[in-house]
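Sequential numbering of the sequence shown, starting at 3, is according to the working numbering.
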Amino acid sequence: RRAMPGRGLPRCPGAWRALASRAAPRVSRVPEAVYARLERACARVTTNPSLLARHGDDESYHEGVPPDAVAFARSTEEVVAVVRLCAEAGVPVIPFGTGTSLEGHIQAIHGGVSLDLSEMNRVLQVSEEDMDCRVEAGVTRLALNAHLRDTGLTFPVDPGADASIGGMTACGASGTAAVRYGTMRENVLGTTCVLADGSVMRTGGRARKSSAGYDLTSLLVGSEGTLGVITEVQLRLQTVPAATSAAVCTFDTLEGGARSVAAILQYGIPVARCELLDPSSVAAFNAYPKEIPDLAVVPTLFLEFTGVSEAAVSEQAEIASELCADNGGGEFQWALSEEERRRLWAARHTTYYASLALRPGSKGIVTDACVPISRLAELMAATARDVESEGVVGPIFGHAGDGNFHVILPMLDDDPPEYVAKLKAINDRLIRRTLEVGGTCTGEHGVGRGKMKYLEQEHGPEAIAAMRAVKRALDPHNILNPGKIVDIGQP
């Protein structure tokens with residue numbers, strides 16, 4: 003079997019921990035005969051230990067579980083060949099994009115083959131007139147926007163990480179721009195997907211609306227590789243705004259910042275980004291390397307406004323400033339140039355890693371609550387009190403414009419059980435409060451393994467039974483990313 007030393011070496015201590023934790027060999031789910039056939043079916047296959055570890059360990063605190071092999075595909079046809087071989091042999095297949103997920107999505111908990119789509123990285127078609135494009139699943143969002151640079155168009159969904167479009171689709175990702183442009187669910191027009199038996203299904207199309215049959219595209223968005231392997235995605239694009247400005251506003255309380263967000267939205271201001279950080283997040287932000295000056299360690303709102311002219315943007319910002327002042331906000335600190343805005347949002351996107359840096363060497367329990375906007379202030383404040391009362395590290399920040407906020411709870415390998423129990427209890431209580439007000443346990447990170455136990459609390463047993471029925475119908479032998487979202491037994 004061919005190995006590829008040096009490619010994809012582990013990027014964080016967690017991958018090495020995953021490798022070290024499996025010194026005792028596990029019985030492989032991939033027979034030798036299947037290895038040989040896989041090598042003929044796709045670009046290349048490896049059992050290099052570091053690559054196996056890398057492909058079974060994401061950015062989360064969940065312990066990595068490496069696959070038995072990694073297969074690299076370069077086309078839909080190669081994906082078909084790999085899936086058919088694995089289906090014949092009853093071998094699990096775990097799709098892999100860039101490994102930036104946060105809920106154990108890529109763990110090979112039943113062994114099998116990690117199907118790496120990163121080399122499927124072509125932009126297949128761009129229509130400037132129709133404002134759409136088609137890409138292979140391994141294209142990353144930054145690579146796509148670099149390709150679009152001279153068209154006046156952009157793909158606006160921005161989860162922070164340079165994730166693959168296939169992975170973003172599979173996880174139903176969103177991010178800082180969702181308040182204006184929506185999530186992947188609103189921006190995916192169609193897909194090409196390889197089903198569990200190796201057949202190819204094409205969903206959706208290029209029309210901006212359709213009432214033709216079941217919405218299979220929406221079924222696949224957020225399915226996390228459990229219903230099919232997404233190999234191509236048709237995307238809605240947006241025009242690059244003619245005018246943009248960004249501002250930072252400080253508050254005495256988190257509630258004041260959250261109330262300001264609600265007021266801005268109720269007033270109808272088309273804010274493009276709207277991010278709220280608590281004081282501990284700001285402190286972490288200040289301590290982490292960045293290209294902007296330190297901020298006051300108080301609740302802080304990051305805003306971005308876009309429009310057809312400087313005058314339109316100025317009018318939006320003036321009204322937003324007044325609404326913030328009504329809720330205890332200070333004067334806006336402006337980032338007017340493109341370079342200043344780039345630095346501001348680049349710094350904001352490091353907040354997750356800045357939070358982990360408060361406890362060097364840690365990985366994070368990352369909450370992902372999303373609540374009705376009217377309850378955001380209440381839920382963020384209650385969570386801040388919970389973190390403080392437990393005496394743990396837990397910065398809070400989020401996409402306040404759509405009610406989605408995160409608590410980062412850094413955890414070290416040698417933390418005492420009592421401390422870990424506190425972190426998990428904070429997460430449990432946060433999700434309970436979230437569900438009580440009509441929210442969801444995950445606004446954008448997906449379920450993976452980490453949120454499975456909360457699904458029935460959120461949706462009820464009838465909905466979970468329906469999800470299992472869909473899974474069994476499309477993947478009767480349970481080979482596609484088994485043990486994620488809903489459990490239907492051993493593959």
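Note that CB positions come from ideal geometry on N, CA and C, so glycine has one too.
Grab me the residues of residue 3's own chain with a C-beta within less than 6 Å of its C-beta, minus the 5 sequence neighbours each way, in chain order.
Confidence at residue 3 is low in this model, with a pLDDT of 36, below 50, so the placement of that residue is unreliable and no value is reported for it.
Taking 8 Å as the threshold, find out whether the region 214-230 comes into contact with the region 362-375 through three or more Cβ pairs.
no
How big is the Cα-Cα spacing for residue 346 and residue 87?
48 Å
In terms of residues, what are the limits of the alpha helix (DSSP H) holding residue 259?
Element bounds for residue 259: 256-268.
Exposed or buried, which one is residue 210 when buried takes at least 16 other CB atoms within 10 Å?
exposed
Drop a sphere of 10 angstroms on the beta-carbon of residue 438, count the other beta-carbons inside from all chains shown, and report buried for 16 or more, exposed for fewer.
By the 10 Å Cβ count, residue 438 comes out exposed.
Is residue 372 helix, strand or coil by DSSP?
strand
Which two residues bound the contiguous beta strand (DSSP E) that contains residue 136?
134-138
For residue 453, which three-state DSSP category applies?
Coil, per DSSP.
What do you get for residue 289, buried or exposed, if any count of 16 or more other CB atoms within 10 angstroms of its CB means buried?
Exposed is the label assigned to residue 289, since fewer than 16 other Cβ atoms lie within 10 Å of its Cβ.
Give the list of continuous alpha helix (DSSP H) stretches no shorter than 4 residues that lie fully inside the region 371-444.
378-392, 419-438
Going along the chain, which residues of its own chain have a beta-carbon closer than 6 Å to the beta-carbon of residue 373, five neighbours each way excluded?
381, 405, 436, 439, 441
In or out: residue 164 buried (at least 16 other Cβ within 10 Å) or exposed?
Taking all protein chains in view, the Cβ of residue 164 is surrounded by fewer than 16 other Cβ atoms within 10 Å, so the residue is classified as exposed.
Which partner residues of residue 240 appear in the DSSP bridge assignment?
156
Counting pairs of Cβ atoms below 8 Å between the region 228-241 and the region 353-364, do you hit three or more?
Judged by Cβ distances under 8 Å, the region 228-241 makes no contact with the region 353-364, as fewer than three pairs qualify.
On the DSSP bridge list, what partners appear for residue 118?
Looking at the DSSP output, residue 118 sits in a beta bridge with 74, 98.
Taking the Cβ atom as the reference point for each residue, do residue 332 and residue 252 lie within a distance shorter than 9 Å?
yes
Would the beta-carbon of residue 36 be found less than 8 Å away from any heavy atom of the ligand ATP?
Although the ligand ATP was asked about, the structure shown includes no ligands whatsoever.
If you count every other CB in all the chains shown that lies within 10 Å of the CB of residue 426, and 16 or more means buried, which is it?
Under this definition residue 426 is an exposed residue.
What does the alpha-carbon distance come out to for the pair residue 311 and residue 408?
34 Å
Classify residue 269 as buried or exposed, calling it buried when 16 or more other Cβ atoms lie within 10 Å of its own Cβ.
exposed
Which same chain residues end up closer than 8 Å to residue 180 when comparing Cβ atoms and leaving out the 5 residues on each side of it in sequence?
Contacts found: 159, 401, 403, 404, 406, 446.
What are the boundary residues of the beta strand (DSSP E) that residue 206 is part of?
202-206
Using the rule of at least 16 other Cβ atoms within 10 Å of the residue's Cβ for burial, across every protein chain shown, is residue 109 buried or exposed?
Residue burial is scored here from C-beta neighbours: residue 109 has at least 16 other C-beta atoms within 10 angstroms and is therefore classed as buried.
Using DSSP's beta-bridge definition, name the partner residues of residue 251.
Partner residues in the beta bridge of residue 251, as assigned by DSSP, are 303.
Taking Cβ positions, are residue 287 and residue 385 nearer each other than 9 Å?
no
Apart from the five residues just before and just after residue 112, which ones in its own chain have a Cβ nearer than 8 Å to its Cβ?
31, 94, 484, 485, 492, 493, listed in sequence order.
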